[in-house]
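Step one of this worksheet: look at the structure below.
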Amino acid sequence: MKSINDQINPEFVIQAKKLAQFSRLLHRILPPECHGHVEVANIRDQNLMLITDSPVWTTKLRQLSPQILQFLQSNTAGDASKSPVIHHVQISTRYHAPDSSRQQALNKKDLHKLQISEKTATMLAQSADSIEHEPLRSALLKLASHANKQNKPEK
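Okay, so the sequence shown: first residue is 241 according to the working numbering, each after it adds one.
So, in structure tokens, the structure goes:
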């Protein structure tokens, strides 16, 4: 039986090492708040392809892409034999479909966590008393009544 190293295409190993190298470089230049939201997806035809988890991070990275490109080019310049020269950074968003049952459980759990104080409930009720727009007035009173129910001690 062949060993695992004999079964893996060497090109895959080379590509994986390149992706890991660019991931390390990317994390050196990106602000820490970006680290969990971006991944190096691929390198092809002198393009570095990045994937984010939301459009917000995609926009942020597009704003940073000139600095990212300059940093990558300057940090891989002497290493042309091992790393391809990057001329373009392509950024796209990959949406993760949440597990619906898990998401519903989280939503129910979050609903039970949300609480407002008695003071806030009083302020909502006072604000509602001064509003003539009936739909807004009733919505504020409904919020205030829920807060009162949540924060009352159990009997």
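For every residue, glycine included, the Cβ atom is placed at its ideal position computed from N, Cα and C.
Since we're looking at a predicted model, the values are computed, not measured.
Can the beta-carbon of residue i be found closer than 7 Å to that of residue j?
{"i": "S305", "j": "V325", "result": "no"}
{"i": "L483", "j": "A368", "result": "The structure shown has nothing for residue 483, since the chain only spans 241 to 395."}
{"i": "L312", "j": "L265", "result": "yes"}
{"i": "A384", "j": "L364", "result": "yes"}
{"i": "I269", "j": "I308", "result": "yes"}
Since residue i and residue j are thought to touch, with beta carbons under 8 Å apart, how far apart are those beta carbons, to the nearest angstrom?
{"i": "R302", "j": "I331", "result": "6 Å"}
{"i": "W297", "j": "H267", "result": "Incorrect: roughly 14 Å between the Cβ atoms, too far for contact."}
{"i": "D285", "j": "R334", "result": "About 20 Å; that fails the 8 Å criterion."}
{"i": "V280", "j": "F252", "result": "Contact flag wrong, Cβ pair sits at about 15 Å."}
Looking at the strands, I want to know which residues DSSP matches up with residue i.
{"i": "Q330", "result": "M289"}
{"i": "N282", "result": "M289"}
Alpha carbon to alpha carbon, how far is residue i from residue j?
{"i": "K300", "j": "Q310", "result": "16 Å"}
{"i": "Q255", "j": "C274", "result": "24 Å"}
{"i": "N249", "j": "S314", "result": "30 Å"}
{"i": "H336", "j": "Q355", "result": "29 Å"}
{"i": "K359", "j": "L290", "result": "47 Å"}
{"i": "A260", "j": "P271", "result": "18 Å"}
{"i": "M241", "j": "H327", "result": "43 Å"}
{"i": "S370", "j": "L288", "result": "57 Å"}
CB of residue i to nearest heavy atom of the ligand FAD: below 6 Å?
{"i": "C274", "result": "Absence of the ligand FAD is noted for the structure shown, with no ligands found whatsoever."}
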